[in-house]
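Notes to accompany the following structure.
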Ligand code: ADP
């Protein structure tokens with residue numbers, strides 16, 4: 011441990027500080043740098059020199075100033091009080107810092123991650139004499155209106171329960187005493203965990219449960235599952251942040267961890283201002299009752315971005331271990347990659363592609379690999395899941411750049427945002443021709459059973475209409491619209507309706523912002539029904555002109571606004587479609 015070891019700064023280069031005299035310090039150990047005690051992490055040890063990436067601005071730090079070891083790697087504090095918290099990248103509670111130090115966080119300032127003034131009621135779930143091992147649930151605490159926090163035996167520990175009883179107290183209160191190989195282990199409501207190490211699991215399982223997001227293009231065409239991984243690359247302004255916010259609000263995860271990783275401050279402010287007022291459609295409770303936010307403040311240097319990503323995933327894994335389904339959003343992982351590039355450059359490492367370090371790929375893969383559907387450690391084989399959705403913001407929207415390419419190698423879902431669609435104000439600007447989901451078959455099977463037997467049939471048909479439209483578009487460009495047959499014209503009409511009346515979804519409209527799977531099915535089904543009917547109408551002698559201008563089209567356009575509890579209105583529109591086409595033919 012610390013044994014009073016304190017070294018000295020030799021040089022400072024931006025967020026990188028080189029120190030000596032830290033004998034015994036290990037890679038990734040946290041240190042406090044300079045007279046202000048800035049937080050930093052050792053990331054290279056070479057010939058007695060220790061390179062430290064600092065998580066706070068190094069202005070005023072200079073040679074000769076002290077560097078003090080903490081003996082501990084970058085770790086998170088885990089326990090009741092995480093939910094509803096807003097932290098910076100190294101898990102400092104922003105509200106407590108603002109309260110005690112003012113709006114501009116004083117460098118080196120520290121407040122405990124979990125509020126010590128809050129009281130919790132612990133209710134035991136095991137008895138004296140029970141054998142408990144890592145992951146076993148010793149008892150519970152009602153953390154928010156909707157989340158029961160499970161107090162678990164720390165991983166790797168086991169023993170016989172000697173004392174346990176209901177107790178009310180702060181997180182440091184002893185809740186149980188365990189006899190572990192002859193010595194006594196005092197268990198409180200807090201655990202610490204080194205963020206760079208994945209928390210252990212019993213086994214990983216193939217993720218098979220759909221994660222409904224209420225976003226039509228996602229759920230219907232490029233779905234994600236609980237424990238899955240997705241990335242949202244797109245140029246500036248294409249809607250990455252809106253997609254991430256929509257998922258944080260509407261995805262049916264029990265816990266949401268939102269990491270705002272070095273993005274423009276005002277976007278994070280949106281989240282911070284908006285989230286506390288939003289209600290969860292499933293429970294009617296404020297969304298913050300299930301949310302942990304991590305936001306780097308603009309005065310934190312690049313290295314803090316990496317810390318925030320790892321801090322976020324460690325918190326997500328902790329809730330997974332309780333048996334929850336957790337969704338983590340990271341916006342944007344490109345900022346994190348840029349931080350790696352900057353630090354690597356300052357370390358004078360051999361650069362890889364476009365100046366990114368050679369370990370970019372393994373670092374990004376290591377992060378996404380912490381997602382998954384798992385059997386948690388501990389008794390009862392409870393299941394938990396962490397899903398990761400990362401935004402990527404390649405410079406100039408160039409998808410061939412290394413961060414996008416590296417990410418695509420590891421994630422299973424790709425929602426490609428398209429600047430042309432965004433420019434045309436088609437939102438979400440997810441390109442339906444280039445995006446993909448490797449969970450499609452799994453979700454189809456599920457939705458065919460739980461939503462409608464025609465789900466996957468309709469989806470495939472709709473996608474083939476969109477693909478055909480792209481081919482026809484090409485033809486029109488080459489030889490003009492006259493080259494289209496009447497059937498083609500009908501198809502173009504159906505495709506346009508799929509795009510405008512189904513795929514287009516306004517995140518800022520109260521009714522349109524979320525669509526249940528059942529309603530998604532009905533909306534798409536309506537368009538396909540119309541398409542079938544106009545084709546029949548055409549062969550029965552109706553004119554193209556009349557078929558493309560039916561009044562009932564307006565009802566299809568408005569269908570997205572049908573309230574979720576009045577879905578029977580869809581039947582009426584279907585009847586109107588049939589009747590109005592019959593009226594044309596007879
Ligand atoms: P990025 O994070 O890619 O830079 P944003 O997520 O900030 O882009 O989106 C830019 C703008 O696009 C938003 O401010 C909003 O006006 C519009 N937008 C994006 N997605 C939607 C959506 N689903 N519905 C309505 N508007 C959207």
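In our numbering, the protein residues as written are 11 to 596.
Each residue gets a CB set at the ideal place from its N, CA and C atoms; glycine is no exception.
Nothing here was measured: the structure is a model prediction, and the numbers come from that model.
Query: In chain order, what are the residue ranges of uninterrupted beta strand (DSSP E) at least 3 long that sit wholly in the region 120-206?; Result: 130-134, 141-143, 147-152, 158-162, 168-174, 177-179, 186-190, 193-197, 201-204
Query: Under 8 Å between the Cβ atoms of residue 527 and residue 461?; Result: yes
Query: Let me make sure I understand the geometry here. Which of 124, 169, 129, 156 has the alpha-carbon closest to that of residue 146?; Result: 169
Query: Express the C-alpha separation of residue 19 and residue 69 in angstroms, rounding to a whole number.; Result: 13 Å
Query: Using three-state DSSP, classify residue 52 as helix, strand or coil.; Result: strand
Query: Does residue 13 come out as helix, strand or coil in the three-state DSSP assignment?; Result: For residue 13, the predicted structure reports a pLDDT of 46, less than 50, and the residue's modelled location is therefore unreliable. A value from the coordinates is still provided. Three-state result, residue 13: coil.
Query: With respect to the beta strand (DSSP E) encompassing residue 305, which residues constitute its N-terminal and C-terminal limits?; Result: 301-305
Query: Measure from the alpha carbon of residue 236 to the alpha carbon of each residue in 157, 200, 336, 181, then state which is nearest.; Result: 336
Query: State yes or no: is the C-beta of residue 568 nearer than 7 Å to some heavy atom of the ligand ADP?; Result: no
Query: Which one or two residues does DSSP pair with residue 523 in a beta bridge?; Result: None; residue 523 has no bridge partner.
Query: I want to check one thing, is the minimum distance from the CB of residue 313 to the heavy atoms of the ligand ADP below 7 Å?; Result: no
Query: Decide if the region 340-355 is in contact with the region 304-318; the criterion is three or more beta carbon pairs, one per stretch, under 8 Å apart.; Result: yes
Query: Leaving aside the five residues before and after residue 475 along the sequence, list all residues of the same chain whose C-beta is less than 8 Å from its C-beta, in chain order.; Result: 501, 504, 505, 508, 541
Query: What are the boundary residues of the beta strand (DSSP E) that residue 395 is part of?; Result: 393-402
Query: Below 7 Å, is the gap between the Cβ of residue 432 and the nearest heavy atom of the ligand ADP?; Result: yes
Query: Using 8 Å as the Cβ pair cut-off and three pairs as the minimum, do the region 430-439 and the region 510-518 touch?; Result: yes
Query: Answer yes or no: do residue 94 and residue 299 have a C-beta to C-beta separation smaller than 8 Å?; Result: yes
Query: Please return the same chain residues whose Cβ sits closer than 8 Å to the Cβ of residue 478, not counting the five positions on each side in sequence.; Result: 501, 505
Query: Below 8 Å, can you find three or more Cβ-Cβ pairs linking the region 245-260 to the region 315-334?; Result: no
Query: Is residue 438 near the ligand ZN, with its Cβ less than 7 Å from a heavy atom?; Result: The ligand ZN is not part of this structure, which contains only the ligand ADP.
Query: Where in the region 219-262 do unbroken runs of the alpha helix (DSSP H), each at least 4 residues long, occur, reported from the N-terminal end onward?; Result: 250-260
Query: Are the beta-carbon atoms belonging to residue 267 and residue 325 less than 8 Å from one another?; Result: yes
Query: Taking its Cβ as the centre, do 16 or more other Cβ atoms sit within 10 Å of residue 26, making it buried, or is it exposed?; Result: buried
Query: I think residue 161 touches residue 144, with their Cβ atoms under 8 Å apart; what is that distance to the nearest whole Å?; Result: With a Cβ gap of about 13 Å, residue 161 and residue 144 do not count as contacting.
Query: So for residue 338, helix, strand or coil by DSSP?; Result: strand
Query: Measure from the alpha carbon of residue 377 to the alpha carbon of each residue in 334, 247, 338, then state which is nearest.; Result: 338
Query: Apply the 10 Å Cβ neighbour rule to residue 400 and answer buried if 16 or more other Cβ atoms are within range, or exposed otherwise.; Result: buried
Query: Verify the contact flag: residue 518, CB atom, against every heavy atom of the ligand ADP, threshold strictly below 7 Å.; Result: yes
Query: Which residues bound the beta strand (DSSP E) around residue 213?; Result: 213-215
Query: For residue 360, count the other beta carbons within 10 Å of its own beta carbon; 16 or more makes it buried, fewer makes it exposed. Which is it?; Result: exposed
Query: Using only the alpha-carbon positions, how far apart do residue 38 and residue 481 sit?; Result: 54 Å
Query: Roughly how many angstroms separate the alpha carbons of residue 208 and residue 287, rounded to a whole number?; Result: 33 Å
Query: Note down the Cα distance separating residue 13 from residue 63, rounded to an integer number of angstroms.; Result: Because residue 13 sits at a pLDDT of 46, beneath the cut-off of 50, its placement in the model cannot be relied upon, and the following sentence gives the value as read from the coordinates. Residue 13 and residue 63: Cα-Cα distance of roughly 22 Å.
Query: Rounded to whole angstroms, what's the CA-CA distance from residue 404 to residue 411? Just pull it up for me.; Result: 7 Å
Query: Between the C-alpha atoms of residue 73 and residue 42, what's the straight-line distance to the nearest angstrom?; Result: 14 Å
Query: If you draw a straight line from the alpha carbon of residue 97 to that of residue 227, how long is it in whole angstroms?; Result: 32 Å
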